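A.B. asks:
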Amino acid sequence: MNNDIPAVTAQGLDAELLLNADLLFLDEVMARVGVDGITAAYANAGLLAAVDQHAAAVRESLRDAGRAIDAPALAAYGRSIAAAARRAGRFLPDPGGAHVAPLDWLTAEWHLLRLVAVCMLAEDAAVL
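In structure tokens, the structure reads:
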């Protein structure tokens, strides 16, 4: 009896597990900053413009790296932003603990706005 998993099936499983990890990460970021940040952005034109500028920078970075706007690329980009912020002593708020008022978001730290942009792109690309 051969208990070996065929290579194609194993590769497919690996890809599915990685995609699930990417989606879980993006969902977590959405819960921590995306929902509140996007809601605030749609309530304030200045904040929406700032988030749009961050989104343009994310799109440009991914394009320059030859990456598509998909779950793996957005999750990798988001992880790099979160890791850099953590190294600088900046952390993500707990789910539901982000700013609520648009004016508070206007003074939010750079990494939070960049992650809101990642979430907005994930929504636009129907990733989340």
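According to this note's numbering, the sequence shown is numbered sequentially starting from 65.
For glycine and all other residues, C-beta sits at the position ideal for the given N, C-alpha and C.
Remember, predicted model here, so these are calculated numbers, not experimental data.
Could you confirm whether any beta carbon from chain D is found closer than 9 Å to the beta carbon of residue 84?
C.D. replies: Any reference to chain D falls outside this structure, which holds one protein chain only.
A.B. asks: Please work out which residues of its chain come closer than 8 Å, Cβ to Cβ, to residue 177, disregarding the five sequence neighbours upstream and downstream, and give them in chain order.
C.D. replies: Excluding five sequence positions before and after residue 177, the CB atoms of its chain that fall closer than 8 Å to its own CB belong to 101, 114, 115, 118, 169, given in chain order.
A.B. asks: Since residue 179 and residue 135 should fall inside the 8 Å C-beta cutoff, what is the C-beta to C-beta distance between them, to a whole number of angstroms?
C.D. replies: Their Cβ separation, rounded to whole angstroms, is 15 Å, which puts residue 179 and residue 135 out of contact at 8 Å.
A.B. asks: Quick check on this structure: which residue in 110, 90, 93, 83 has the alpha carbon closest to the alpha carbon of residue 165?
C.D. replies: 110
A.B. asks: Leaving out the 5 sequence neighbours to the left and right, which residues in its chain are closer than 6 Å to residue 162 when beta-carbon positions are compared?
C.D. replies: The residues are 97, 100.
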